[in-house]
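**Student:** Structure below; questions to follow.
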Amino acid sequence: MSEASFVLLVINVVAAVGMHLVYVTGQLNLGQAGFLAIGAYVTAVTDARLDWPLPLSLLAGAAAAAVVALPVAFGAARLRGVYLIMGTLAVGEIVRVTIGNLESVGDVQGFSGQSGIDPISVYVVAVLILAGALALMTSATGLRMRSVFDDADAASAAGVATRSVRVLAVVMSAAVVGVAGGLVAEWSLFISPRGFGVEQSFEIALYSLVGGVHSLIGALVGAAGITWLLDGLKDIGDLPFIGESVEGLAPWRLVIYGAVVLLLMVARPEGLITRRLALTATRPLRRGRRRWLARADRVQPVPATAAHPASGDAAVVLEVDAVGHAFGGVQALSGVSMTIRAGESIALIGANGAGKSTLVNVVAGLYPAQQGRVRLNGVEITGLPAHRRTRAGVARTFQSVRVFAHLTVEETIRLGHWAGRGRERESVERLLESLGLLGRRDALPSELTLAEQRRLEIGRAIAAAPAVVLLDEPSAGMNDQEREELAELIRSVPRRGTAVVLVDHNLDFAFDIGERVVVLDFGAVIATGSPAAVMANPRVRDAYLGPEAAAHDSPTGDSTGVPEQRPERLDR
Amino acid sequence: MTQVLLNGVLLGATYALLAVGYTLVFGVMRLLTLAHGQIFMAAGVVSLVITGPGTPFWVAGVCAVAIGAGLSVLTDLLCFRPVGYHRPIPAAVATIGFGLVIHNVIVQLYGSNAVGAPFEVPRADFTVNGVLVSVVQLVSLLITAVVMVATHLFVNRTKWGVAMRAFSEDPEAVAVLGVPTRWLSALTLGIAGALAGLASFLVILRVTSVSPSSGLEIGLIGLAIMTIGGLGSLPGAMAAGIALGVLESVADYRGFGFQAAVPWLLLVVVLLVRPRGLLGARTS
Amino acid sequence: MALLEIDDLCVRYGHVSAVEGVSLTVERGSAVAILGRNGAGKSSLLNTIAGLVRASSGSVRWDGADITRLATAKRARRGVSLVPEGKRIFPALTVAENLRLGGFHVDRSLLPSAVGRIHALFPILAERSSQPAGQLSGGQQQMLAIGRALMAEPTLLLLDEPSTGLAPKIATEVYERLAELRTTGLTLVVVEQQIDRALTLADDVIVLNLGRTVLTERSAALSRDDARIRAAYIGAEATT
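And the structure:
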């Protein structure tokens, strides 16, 4: 590969870094050529016409791209999936056509007059960008960015301000791609709108998509690989041994390129460098960093609050006050009130469709409370979005386990931990240990059992040392032993100073953990009290067994199906 | 001006046919076939190359439709099925690769210059109120209209159409009922490809040539139209296609330099007003 | 020969074992209920019979032929019809279109009579024939799901928790229809949470716990209070 080709490879690597920064949040920007063009033209113009020194020109290019990216980012934050892809594609094309219509910069004929750049400077800029990106992606901000890719709701529940993160990613990505554009302008000495079209946008996107979506290394490998493939195939005739026989291939290199892309997607849909591969490759680096971080971690002793039964004197932590919520005509919740005190464990039960999950979603902020209020430690949180409530101290888990597919166990806990900054929290190491996941700290969720995934999700929630945690059907799908271990874990939570609201269908499990029971039916509270008192309540029996049944219909969702046993087992 | 409008409608018909193809594939399978534009181009080029000077022009049309359908079914076999229907982004990237293959094979075989039609397109023009109308144009419009109606009827009245619509809601439940889902995906793509081939033929009738570089550009416009018209809505795609054709024609007539950006500006405006974020994880 | 024979079936998802060594025989015209608590493997077993899930080992034989590796659609065409958990009707399609899909392979000339049969069984579906299925109530949707599965006149009907989410009165009505269907010779395999309903409908009962068979018995010999049922549900735990 000639030096000229290598410089282009390095420039492509810079563009790839930009792509990674945005796609890592799940936003597939197919209009990067637009930012590339802005960076190129602004750099070229400030250099050629205003005589700015090169570093300043490059910065100007990056800044211009970032400024244009800001409104785009806000628009993109409202879009998902195909709409997002098409929207960014549109932006790229609009930029290109606009530039092509600006006579002042040469129209479609192109622009030249740049002073040029030497290879070493290109490498220096690239290294700086790489270092910055690396620092960013390994920081807490990088972690938050990565959490948004998989599951925006789960990210909000973990305290991540998903919209801000997405906007930030688009802008930063544009700035970096703008730098790449500036480098192109200075290296090529001639730029025209033709070089900033859809094919370029696709190519930049392919760096990430084909190289590896979930790691910076992937983007780099993608850029290097694709550039080398396209460039190297030109000289394939020069290869020793096989050179002559495949010389005729050179003109077909674009076909080979397309075929390689196709085959790679079949073989490695996540990209060449999968997350698992990247993790394995960087293990020695992580060990070193871990040692460094361990010194910086606040090693807190487990808060020594003794397990105390909820007494009337304990402070009220969460107040749900006459909350109501309706979906399209159906009143899912009406006039639901309950109070939770520090260190309490409450079981929230009810038949299928009674509104338990809806209540959790309303308290956690995923749904708005259309009527009523929610107060945390006396402060009203009714209007706060989900991620702010998490930071304030209301944590939750989801009915179907929602952990982050591409974050390791440790990263997930760290994410949750970060949401509680400002509060005294147990260290990440300690928490991993008490969750029994210390040995699995570098595992990805797909490599965990269901029970481990549930523990991970609960760990994520309690890592922030919230005032209260809402657990939505954590025992679903578990066998007896797993359920017992889970119960033990949940019982330990109030000892850390976090109150527990447990929603579950399994009455044995729920009563085992909850000191007090709240029963919902058709969106309203129909009984509260001790487990024994509540199950003896005829209204509750009716709710489970149906109004006309004598006691021979087993309740829907009841796991043992033998209610006669209930009264005996509930006496504790 | 009426001339401009008429040209616009014709242009829009081409767009609409392409957009309907995208909409079918996306509506039924929740997947993007980014090779569609290249298939449109390839169907045109190959149909011209394989029909010699003596063949009647409509043979080229049949060829284009067949090639379009064939290449499109190949997209299903080579891209969607191996990657998996549940992985929309890698599947779309695979189609990008496939599109690259198609485009560059054509360029290697036939060069990058426009390929001219070897046959004579019958010219029977007449004037109405000072507007020049060619029979070919009228017939094109008629065919397009008929095809659109037929597609709409197919999707809404036949059992395969019902199966396709059900598949977009719950593919597993469709399989459980004994519906051969493999045929379903091939059928959807085949129809989309046939429409693209037809669109290519209609372009040939108008301008008597096909350029290998047109695939990408027109393919993208088709995608834009699908998005503007509302993903998964056939009538929306059709209407948006015609509308865009007219807008572009008017813009060109007025010397609006930003003509190429018209579809994209329109798209941005529509997205701002109706972001209609996709619910459900199927495309993210 | 038995209509359906399941032999030493194992279903594993990764390292989680959902079904472990279950064997079951279903005679033509009979009704079998699969019972057990949440997570016992009932749905996995049913889905494996229907072909939605692949067995890790063991065999499923249908009318003598091995269908263990046969695709779902093909099993459906051989007469095995599944009413999945959660109904899974197509909400944007009309009631009539939902039924049409169930009768995908039915000869066009026979369609009207097939639809007629379903309408006779569930009159509400006739009333709401051109309404989008999403507008039906839960119970009506369950009836539509069953009707849809019956369009192709299956030999075996598999039902996954047909009473879940339904008000008791509606569930009773559904079960009454199922009992009626038995008189036409239809074979049923039902996964059920509500023991009493299962015992009323089925001839034979199999109870699963943690993926294993812990009890098989004629339903006539069982009742809900039976200690064996209790033990089968609770398993190794000591009963209080």
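Residue numbers (our numbering), protein chains in the order written: chain A, 1 to 572; chain B, 1001 to 1284; chain C, 2001 to 2240. Glycine included, C-beta positions come from ideal geometry on N, C-alpha and C.
Which of the three DSSP states, helix, strand or coil, is assigned to B/M1001?
**Tutor:** Numbered from its first residue, the second sequence carries residue 1001 of chain B at position 1. Coil, per DSSP.
**Student:** Mind listing the chain A neighbours of B/G1257? Cutoff is C-beta to C-beta under 7 Å, in chain order.
**Tutor:** By one-based count along the second sequence, residue 1257 of chain B stands at place 257. Neighbours of B/G1257 on chain A, chain order: N101.
**Student:** Closer than 8 Å by C-beta to C/L2181: which residues in its own chain qualify, once you throw out the five before and the five after it? Chain order, please.
**Tutor:** For this step, residue 2181 of chain C is matched to residue 181 along the third sequence. Hits under 8 Å: L2121, L2150, L2157 and L2188.
**Student:** Are the beta-carbon atoms of A/V362 and A/L333 separated by less than 8 Å?
**Tutor:** On the first sequence, residue 362 of chain A is found 362 positions in, with the first residue counted as 1. On the first sequence, residue 333 of chain A is found 333 positions in, with the first residue counted as 1. Yes, the pair counts as a contact, with Cβ atoms nearer than the cut-off.
**Student:** Counting only runs that start and end within the region 1076 to 1135 of chain B, where is the beta strand (DSSP E) found for 3 or more residues in a row?
**Tutor:** As far as the region 1076 to 1135 of chain B is concerned, its whole beta strand (DSSP E) runs of at least 3 residues are 1125 to 1128 and 1131 to 1134.
**Student:** Quick one: is C/Q2193 buried, meaning 16 or more other Cβ sit within 10 Å of its Cβ, or exposed?
**Tutor:** Along the third sequence, read from residue 1 onward, the residue named residue 2193 of chain C stands at position 193. Under this definition C/Q2193 is a buried residue.
**Student:** Out of C/V2032, C/A2073, C/G2021 and C/D2107, state which residue places its alpha-carbon closest to the alpha-carbon of C/A2179.
**Tutor:** Start at 1 with the first residue of the third sequence, and residue 2179 of chain C comes out as number 179. Ranking the options by Cα distance to C/A2179, first place goes to C/V2032.
**Student:** Unbroken alpha helix (DSSP H) runs of length 4 or more, entirely within the region 1191 to 1252 of chain B: which are they?
**Tutor:** Within the region 1191 to 1252 of chain B, the complete alpha helix (DSSP H) runs of at least 4 residues are 1214 to 1229.
**Student:** Run down chain C in chain order and give the residues with a C-beta less than 8 Å from the C-beta of B/D1170.
**Tutor:** Within the second sequence, residue 1170 of chain B is the residue found at index 170, counting from 1. Ordered by position in chain C, the residues that pass the 8 Å Cβ test against B/D1170 are R2088 and F2090.
**Student:** For a contact defined as C-beta to C-beta under 9 Å, what are the partners of B/A1260 on chain A?
**Tutor:** Your numbering for residue 1260 of chain B matches position 260 in the second sequence. What B/A1260 touches in chain A: E93, R96, V97 and G100.
**Student:** Run down chain A in chain order and give the residues with a C-beta less than 7 Å from the C-beta of C/L2210.
**Tutor:** On the third sequence, residue 2210 of chain C is found 210 positions in, with the first residue counted as 1. The contacting residues are N479.
**Student:** Considering only their Cβ atoms, is the gap separating B/F1098 from B/L1231 smaller than 8 Å?
**Tutor:** In the second sequence, counting from the first residue as 1, residue 1231 of chain B sits at position 231. In the second sequence, counting from the first residue as 1, residue 1098 of chain B sits at position 98. Going by C-beta atoms, B/L1231 is not nearer than 8 Å to B/F1098.
**Student:** May I ask you to report which of helix, strand or coil DSSP gives C/P2132?
**Tutor:** Locating residue 2132 of chain C in the third sequence gives position 132, counting from the first residue. In this structure, C/P2132 counts as strand in the three-state DSSP scheme.
**Student:** Rounding to the nearest angstrom, what Cα-Cα distance links C/L2024 and C/D2007 in this structure?
**Tutor:** Walking along the third sequence from the start, residue 2024 of chain C turns up at place 24. Walking along the third sequence from the start, residue 2007 of chain C turns up at place 7. C/L2024 and C/D2007: Cα-Cα distance of roughly 7 Å.
**Student:** Work out the CA separation of A/D512 and A/P303 for me, nearest whole Å.
**Tutor:** One-based indexing of the first sequence puts residue 303 of chain A at position 303. One-based indexing of the first sequence puts residue 512 of chain A at position 512. At A/P303 the pLDDT is 48, less than 50, meaning the model places this residue with poor confidence and gives no usable figure here.
**Student:** What's the gap between the Cα of C/T1958 and the Cα of B/M1029?
**Tutor:** Past the boundaries of the shown model lies residue 1958 of chain C; chain C is included only from 2001 to 2240, so the question cannot be answered.
**Student:** Could you have a look at B/G1052 and say whether DSSP puts it in helix, strand or coil?
**Tutor:** Looking up residue 1052 of chain B in the second sequence gives position 52. In this structure, B/G1052 counts as coil in the three-state DSSP scheme.
**Student:** Who are the near neighbours of A/R389 in its chain, counting only those whose CB is closer than 7 Å to its CB and skipping five residues on each side?
**Tutor:** Position 389 of the first sequence, counted from the start, is the residue given in the question as residue 389 of chain A. Here the set comprises A364, G365 and I381.
**Student:** So which residues of chain B does A/W252 contact, with C-beta pairs closer than 9 Å?
**Tutor:** Locating residue 252 of chain A in the first sequence gives position 252, counting from the first residue. Within 9 Å Cβ-Cβ: N1104, V1105 and Q1108.
**Student:** Please name the residues in the region 1177 to 1198 of chain B whose beta-carbon is closer than 9 Å to at least one beta-carbon of chain C, in chain order.
**Tutor:** Cβ contacts with chain C: L1177, G1178, V1179, P1180, T1181 and R1182.
**Student:** What residues in its chain sit with their C-beta under 7 Å from that of A/G116, if we drop five residues either side in the sequence?
**Tutor:** Here the question's residue 116 of chain A lines up with position 116 in the first sequence. Closer than 7 Å at Cβ, skipping near neighbours: E186 and L189.
**Student:** Starting from B/F1258, trace the beta strand (DSSP E) in both directions and tell me its first and last residue.
**Tutor:** Within the second sequence, the letter at position 258 stands for residue 1258 of chain B. Segment: none, B/F1258 is in no beta strand (DSSP E) and carries neither H nor E.
**Student:** Since A/Y367 is in the alpha helix (DSSP H), which residue starts that stretch and which ends it?
**Tutor:** For the purposes of this step, residue 367 of chain A is taken as the residue at position 367 of the first sequence. Taken as a continuous stretch (DSSP letters only), A/Y367 belongs to no alpha helix (DSSP H), as it is neither H nor E.
**Student:** Report the CB separation of A/R460 from A/L415 in whole angstroms; it is logged as a contact under 8 Å.
**Tutor:** As a first step, residue 460 of chain A is located in the first sequence; it is residue number 460 there, counting from the start. As a first step, residue 415 of chain A is located in the first sequence; it is residue number 415 there, counting from the start. Yes, A/R460 and A/L415 are in contact; Cβ-Cβ is about 7 Å, under 8 Å.
**Student:** In terms of alpha-carbon separation, which member of B/T1127, B/V1101, B/V1073 and B/P1118 lies closest to B/S1185?
**Tutor:** Stepping through the second sequence from its first residue, residue 1185 of chain B is reached at position 185. Of B/T1127, B/V1101, B/V1073 and B/P1118, the residue nearest in Cα terms is B/V1073.
**Student:** Can at least three beta-carbon pairs, one atom from the region 333 to 348 of chain A and one from the region 512 to 526 of chain A, be found at a separation below 8 Å?
**Tutor:** Segments in contact, yes.
**Student:** Within 8 Å, do at least three Cβ pairs link the region 2068 to 2078 of chain C to the region 1165 to 1179 of chain B?
**Tutor:** The region 1165 to 1179 of chain B, when compared against the region 2068 to 2078 of chain C, does touch it at the 8 Å Cβ threshold.
**Student:** Scan the region 338 to 365 of chain A for residues whose Cβ lies nearer than 9 Å to a Cβ of chain B and list them as they occur along the chain.
**Tutor:** Residues: none.
**Student:** Does the beta carbon of C/R2097 come closer than 8 Å to any beta carbon on chain B?
**Tutor:** Residue 2097 of chain C sits at position 97 when you count from the first residue of the third sequence. The question names Arg, but residue 2097 of chain C in the sequence shown is Glu. Closer than 8 Å: yes.
**Student:** Could you say if the region 1206 to 1216 of chain B and the region 81 to 93 of chain A meet the contact criterion of at least three C-beta pairs nearer than 8 Å?
**Tutor:** No: fewer than three Cβ pairs fall under 8 Å.
**Student:** Please report the Cβ distance between B/G1012 and B/L1244, rounded to the nearest whole angstrom; I am assuming they are in contact, meaning their Cβ atoms lie under 8 Å.
**Tutor:** In the second sequence, the residue the question calls residue 1012 of chain B occupies position 12. In the second sequence, the residue the question calls residue 1244 of chain B occupies position 244. Rounded, the Cβ-Cβ distance is 6 Å, consistent with contact.
**Student:** At the level of alpha carbons, what is the spacing between A/E482 and A/E452?
**Tutor:** For the purposes of this step, residue 482 of chain A is taken as the residue at position 482 of the first sequence. For the purposes of this step, residue 452 of chain A is taken as the residue at position 452 of the first sequence. Rounded to whole angstroms, A/E482 to A/E452 spans 9 Å at the Cα level.
**Student:** Could you tell me which of C/V2011, C/Q2142 and C/A2040 sits nearest to C/P2084, measuring between CA atoms?
**Tutor:** Start at 1 with the first residue of the third sequence, and residue 2084 of chain C comes out as number 84. Of the listed residues, the one whose Cα sits closest to C/P2084 is C/Q2142.
**Student:** My output table needs one value for B/T1033: the three-state DSSP class, helix, strand or coil.
**Tutor:** The residue labelled residue 1033 of chain B in the question sits at position 33 within the second sequence. DSSP places B/T1033 in coil when its eight states are reduced to three.
**Student:** To the nearest angstrom, how far is it from the Cα of B/N1007 to the Cα of B/A1196?
**Tutor:** Within the second sequence, numbered from 1, the residue matching residue 1007 of chain B stands at position 7. Within the second sequence, numbered from 1, the residue matching residue 1196 of chain B stands at position 196. Looking at the two C-alpha atoms, the distance is approximately 19 Å.
**Student:** Just reading off the beta strand (DSSP E) that C/I2034 is part of, what are its end residues?
**Tutor:** Position 34 of the third sequence, counted from the first residue, corresponds to residue 2034 of chain C. C/I2034 -> beta strand (DSSP E) spans A2031 to L2035.
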